[in-house]
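Enquirer: Take this structure, written in structure tokens, and hold onto it; I'll ask about it next.
2 protein chains.
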Amino acid sequence: MIKELFTETTRTMKSSMIRELVASTRNIKGLISFAGGFPAPQTFPVETLSKLYAETIANESSFVLQYGASEGDPMLKEELLKWEGYDDITPDQLLITAGATNAIYYMSLALVEPGDVIICEAPSFLGSLVAFEALGADIQCVPLDQEGLDVVALQNKVEELQKAGKKIKYIYTIPDFHNPTGVTMSLKRRKELIEFALAARIPILEDNPYSRLRFRGEAVPTLFRIAHDEYANTDIVTEVVSFSKILGPGLRLAFVKGNKDLIERMCSWQQKVNIAPDNVSQRVTAHFLNRGYMDDHLKMCNDHYRPYLDKMLEATSKYLPPYIQYTKPEGGLFTWLWLPQTMSGDALFEQAKEYKVSFIPGSKFYPTNQEKFNSLRLNFSFSTFEQIEQGMKSLGTIMEEFKA
Amino acid sequence: MIKELFTETTRTMKSSMIRELVASTRNIKGLISFAGGFPAPQTFPVETLSKLYAETIANESSFVLQYGASEGDPMLKEELLKWEGYDDITPDQLLITAGATNAIYYMSLALVEPGDVIICEAPSFLGSLVAFEALGADIQCVPLDQEGLDVVALQNKVEELQKAGKKIKYIYTIPDFHNPTGVTMSLKRRKELIEFALAARIPILEDNPYSRLRFRGEAVPTLFRIAHDEYANTDIVTEVVSFSKILGPGLRLAFVKGNKDLIERMCSWQQKVNIAPDNVSQRVTAHFLNRGYMDDHLKMCNDHYRPYLDKMLEATSKYLPPYIQYTKPEGGLFTWLWLPQTMSGDALFEQAKEYKVSFIPGSKFYPTNQEKFNSLRLNFSFSTFEQIEQGMKSLGTIMEEFKA
Numbered sequence: 001m002i003k004e005l006f007t008e009t010t011r012t013m014k015s016s017m018i019r020e021l022v023a024s025t026r027n028i029k030g031l032i033s034f035a036g037g038f039p040a041p042q043t044f045p046v047e048t049l050s051k052l053y054a055e056t057i058a059n060e061s062s063f064v065l066q067y068g069a070s071e072g073d074p075m076l077k078e079e080l081l082k083w084e085g086y087d088d089i090t091p092d093q094l095l096i097t098a099g100a101t102n103a104i105y106y107m108s109l110a111l112v113e114p115g116d117v118i119i120c121e122a123p124s125f126l127g128s129l130v131a132f133e134a135l136g137a138d139i140q141c142v143p144l145d146q147e148g149l150d151v152v153a154l155q156n157k158v159e160e161l162q163k164a165g166k167k168i169k170y171i172y173t174i175p176d177f178h179n180p181t182g183v184t185m186s187l188k189r190r191k192e193l194i195e196f197a198l199a200a201r202i203p204i205l206e207d208n209p210y211s212r213l214r215f216r217g218e219a220v221p222t223l224f225r226i227a228h229d230e231y232a233n234t235d236i237v238t239e240v241v242s243f244s245k246i247l248g249p250g251l252r253l254a255f256v257k258g259n260k261d262l263i264e265r266m267c268s269w270q271q272k273v274n275i276a277p278d279n280v281s282q283r284v285t286a287h288f289l290n291r292g293y294m295d296d297h298l299k300m301c302n303d304h305y306r307p308y309l310d311k312m313l314e315a316t317s318k319y320l321p322p323y324i325q326y327t328k329p330e331g332g333l334f335t336w337l338w339l340p341q342t343m344s345g346d347a348l349f350e351q352a353k354e355y356k357v358s359f360i361p362g363s364k365f366y367p368t369n370q371e372k373f374n375s376l377r378l379n380f381s382f383s384t385f386e387q388i389e390q391g392m393k394s395l396g397t398i399m400e401e402f403k404a
Numbered sequence: 405m406i407k408e409l410f411t412e413t414t415r416t417m418k419s420s421m422i423r424e425l426v427a428s429t430r431n432i433k434g435l436i437s438f439a440g441g442f443p444a445p446q447t448f449p450v451e452t453l454s455k456l457y458a459e460t461i462a463n464e465s466s467f468v469l470q471y472g473a474s475e476g477d478p479m480l481k482e483e484l485l486k487w488e489g490y491d492d493i494t495p496d497q498l499l500i501t502a503g504a505t506n507a508i509y510y511m512s513l514a515l516v517e518p519g520d521v522i523i524c525e526a527p528s529f530l531g532s533l534v535a536f537e538a539l540g541a542d543i544q545c546v547p548l549d550q551e552g553l554d555v556v557a558l559q560n561k562v563e564e565l566q567k568a569g570k571k572i573k574y575i576y577t578i579p580d581f582h583n584p585t586g587v588t589m590s591l592k593r594r595k596e597l598i599e600f601a602l603a604a605r606i607p608i609l610e611d612n613p614y615s616r617l618r619f620r621g622e623a624v625p626t627l628f629r630i631a632h633d634e635y636a637n638t639d640i641v642t643e644v645v646s647f648s649k650i651l652g653p654g655l656r657l658a659f660v661k662g663n664k665d666l667i668e669r670m671c672s673w674q675q676k677v678n679i680a681p682d683n684v685s686q687r688v689t690a691h692f693l694n695r696g697y698m699d700d701h702l703k704m705c706n707d708h709y710r711p712y713l714d715k716m717l718e719a720t721s722k723y724l725p726p727y728i729q730y731t732k733p734e735g736g737l738f739t740w741l742w743l744p745q746t747m748s749g750d751a752l753f754e755q756a757k758e759y760k761v762s763f764i765p766g767s768k769f770y771p772t773n774q775e776k777f778n779s780l781r782l783n784f785s786f787s788t789f790e791q792i793e794q795g796m797k798s799l800g801t802i803m804e805e806f807k808a
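Just so you know, the protein sequences line up as chains A and B, in that order.
The first sequence: position 303 = 303 (this note's numbering), numbered continuously.
In short: position in the second sequence from 1, add 404, done, that's this note's numbering.
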């Protein structure tokens, strides 16, 4: 009976296809999986967190076990502003959320009516795309190249949409170690993007789960940082930073900085959706920062991941056919393969099951009905060196068979 | 600039008025507050939780710090079904959420299009009302008496709404130690409600944060339990149980049971809104139940609260004028005063500030434009005996002055 009462959206919305893909390989014994986006458990600061949780509850129970403010723990907010080095940003420009997905959801709730446009990179993060679709957004895609989002294509797209009378609500981008492609936006491109956004008066949502996972090379400042430092603007970019990849996704913590009115409205949504993030994990994270654990911890994470990325790139070069193009990121959790136009990542996925290898076909990172098929995403953070070697060798064999 | 881009709902939605009320008394030194709904910090199982958090992270880090399933921790779900004694209910009829507000939000997202009707008790829980309003629900009220929701009034209301062509999506009720009135629905009334809902094919959302906080008297089975045991039906009632009042609101944990299809769609929303609840607090709560701490803990909570409720009722009888009617609950966190028609809880609130006493005016627990003013809510869980004595004495004086 209750099914008849579902809203149209609830009836038709998609779940993350990745879950179904992963489920379809769950019973394959000895599977080598490059599919997920899970951080390596070896990077979790287990001892420190175990101690901090015990201490925090013992010493601050009447605060951390009690209702917290929808705005987030004031101590965590203070520590975050110190950590990022923004001494002119006030706590009311910052909101703590139950993970980055949560922040992206609130921003979209605040801005998007059904039919309004969100502009995304194509491909983009599937979790955001399914949320945008569920909110009725008209998702419009702009390609990205080796320097990141193509700003010329963006300008053309915006012009076209405005001519068609569309309401563009924001531009969604993942500038650092982009999921799924691993691409990092160049400094030049970042400035072009900000200048265009300022001129066109279109807000930018900067999704930043990976910038601290840089294994080599020089960091590029975030869009928020550039807008703040060089354009004296803290409104045009809303930056979401997740703790999932640098502390542990189980904690469900992220923070978002931006325009004060927007943050206040997102907070008002948070009050209605979950009241506040977990108070214990917020305070524990505040202590983690306050005691100066983060720098060493990030160094450890990056030292851990570096050889796995190197192994993945080495095995890609060694085993995959020369007509396969791939990105060479300096951090993050993913590499990306461009296949020849005639080769489908989805077809490869099916064939790879027989070789006990798994990945995510590139088509899963496009909005519904805008899919491209000649690509796939590889995760290198959740496999051993031997698995990467063996898995990529098998993938090479499968590709040769496929081509033949 | 970004304000111009807000959705209509985002621009106009209310925050919880209770926050503003509480803010307006924040600077009153020596304030005696009966306003909040906070559980007493003395009831938090600090030592046990401190130990369980440390152990859980140390022993299960690769699980609890990692991404968890949107459905919730399988161990917690198993423990919850054992705790409640439902051996025929399967884990896919159960969802873990980031607090009860979160579950209520997902259920509403799944069912309510703008303009659809949710039927509520009047008065009702403000947190739910503001969420329903933000989702565009048409909130229709039915009064409650000493036996709880008035089912005859409900039948008339439903008939009237159906004649008007309205889509009724569900009936929202808080049967045990109702917030704000403290009323517990009688067994007879519960059966009448279920029978009506089954006949009218209208789902019930049973909000149950307080049923375990019973200080005396005999428990009445939940609506879900009655539907399950006596009508062999696990679809008509969706029951949300919160851990906020019995373990600690800082943990942001609740669980919801009901129709499998509904639970699946609510889970699909959870995936988009926050991916999953905090994985650490879920597993810690699972261990708390598994090790059998809950029974003794609840006994301790109830032993703690009982004398505060008694003190509040005694002081009410002793100090308030005889024309004030009040509820005499056997549990929960609140009592409720019915004032004479000519007396406004809002006006009393302003006057009470001068006496350094605070409470929530009854009008705050009605949907916008459906307010009644001759009532107020008193919380007894967050004050000392002396504060209750002194605060109620002052309230009596204020009422006499007001009347005069």
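For glycine and all other residues, C-beta sits at the position ideal for the given N, C-alpha and C.
1) Step through the CB atoms of chain B and report whether any lies within less than 8 Å of the CB of I96/A.
2) Would you mind telling me which residues of chain D sit closer than 7 Å to K188/A, beta carbon to beta carbon, in chain order?
3) Thinking T90/A and Q270/A are a contact (beta carbons under 8 Å), I'd like their distance in whole angstroms, please.
4) Taking a contact to mean a Cβ-Cβ separation below 8 Å, would you say S33/A touches F382/A in this structure?
5) Can you check whether the CB of R283/A is closer than 8 Å to the CB of D73/A?
6) Using the three-state DSSP reduction, which class does L76/A fall into: helix, strand or coil?
7) Flag this pair as touching only if the region 357-373 of chain A and the region 308-319 of chain A have three or more C-beta atom pairs under 8 Å; answer yes or no.
8) Check for me: the beta strand (DSSP E) holding T97/A runs from which residue to which?
9) Assign N156/A to one of two classes, buried (16 or more other C-beta atoms within 10 Å of its C-beta) or exposed (fewer than that).
10) To which residues of the same chain is I248/A closer than 6 Å at the C-beta, ignoring the five residues directly before and after it?
11) Are at least three pairs of beta-carbons, each pair with one atom in the region 613-629 of chain B and one in the region 581-591 of chain B, less than 8 Å apart?
12) Do you know how far the Cα of K407/B is from the Cα of M421/B?
13) Could you check whether the Cβ of T772/B sits closer than 8 Å to any Cβ belonging to chain A?
14) Just the chain B side, please: which residues come within less than 8 Å of K157/A by C-beta, in chain order?
15) Extract the residue ranges of the alpha helix (DSSP H) inside the region 104-159 of chain A, only unbroken runs of 4 or more that lie entirely within it.
16) Could you name the residues of chain A that V468/B contacts, counting a contact when the two beta carbons are closer than 7 Å?
17) Check N233/A in the structure and name its three-state DSSP category.
18) Alpha carbon to alpha carbon, what distance is there between I171/A and S124/A?
19) Assuming Q729/B and W742/B form a contact by the criterion Cβ under 8 Å, report the distance between their Cβ atoms to the nearest whole angstrom.
20) Leaving out the 5 sequence neighbours to the left and right, which residues in its chain are closer than 7 Å to C705/B when beta-carbon positions are compared?
21) Taking a contact to mean a Cβ-Cβ separation below 8 Å, would you say K257/A touches D92/A in this structure?
22) Within a Cβ cutoff of 8 Å, which residues of the same chain sit near E517/B, ignoring the five residues on either side of it in sequence?
23) Can you name the start and end residues of the beta strand (DSSP E) that E779/B belongs to?
24) Please classify R377/A as buried or exposed, where buried requires at least 16 other C-beta atoms within 10 Å of its C-beta.
25) Helix or strand or just coil, what does DSSP make of P607/B?
26) Taking the C-alpha atoms as reference points, what is the distance between I432/B and E330/A?
27) L289/A and V684/B look like a contact to me (Cβ under 8 Å); what is the Cβ gap, rounded to whole Å?
28) From the beta carbon of I461/B, is the nearest beta carbon of chain A less than 8 Å away?
29) Once DSSP output is grouped into helix, strand and coil, what is the label at G735/B?
30) Hey, is R212/A's beta-carbon within less than 8 Å of any beta-carbon in chain B?
31) How about T413/B and A535/B: are their beta carbons less than 8 Å apart?
32) Compare the C-beta of G800/B with all C-beta atoms of chain A and state if any pair is closer than 8 Å.
33) Where does the unbroken beta strand (DSSP E) through A254/A begin, and where does it stop?
34) With H, G and I counted as helix, E and B as strand and the rest as coil, what does DSSP make of R695/B?
35) Skipping 5 residues on each side, what residues in its chain have a beta carbon closer than 7 Å to that of L31/A?
36) Starting from E643/B, find everything on chain A with Cβ-Cβ shorter than 7 Å and list it in chain order.
Expert: In brief:
1) Put simply, the CB of I96/A is far from chain B, with every gap to its CB atoms at 8 Å or more.
2) In the structure shown, chain D cannot be found, because the protein chains are A and B.
3) The pair is not a contact, with the Cβ atoms about 18 Å apart (cut-off 8 Å).
4) In this structure, S33/A sits near F382/A, with a CB-CB distance shorter than 8 Å.
5) yes
6) helix
7) no
8) In the DSSP assignment, T97/A falls within the unbroken beta strand (DSSP E) covering 94-97.
9) exposed
10) Rather than Ile, the amino acid found at residue 248/A in this sequence is Gly. The residues are F44.
11) yes
12) 22 Å
13) no
14) Per Cβ cutoff of 8 Å: no residues; K157/A is ~18 Å from chain B at best.
15) 126-134
16) G250, listed in chain order.
17) coil
18) 12 Å
19) That belief holds up - the Cβ atoms of Q729/B and W742/B are roughly 4 Å apart, short of 8 Å.
20) Only T447, L617, I650 meet the Cβ criterion.
21) no
22) Only G540, K571 meet the Cβ criterion.
23) The residue asked about is misnamed: residue 779/B is Ser in this sequence, not Glu. According to the DSSP assignment, S779/B belongs to the beta strand (DSSP E) that extends over 779-783.
24) buried
25) coil
26) Spanning the two alpha carbons is a distance of roughly 55 Å.
27) Rounded, the Cβ-Cβ distance is 18 Å, inconsistent with contact.
28) yes
29) If DSSP states are grouped into helix, strand and coil, G735/B belongs with the strands.
30) no
31) no
32) no
33) 254-257
34) coil
35) If we look at L31/A and ignore the five residues flanking it on each side, its Cβ neighbours are T25, K356, S358.
36) Those within 7 Å of E643/B in chain A number zero; the least Cβ separation is about 14 Å.
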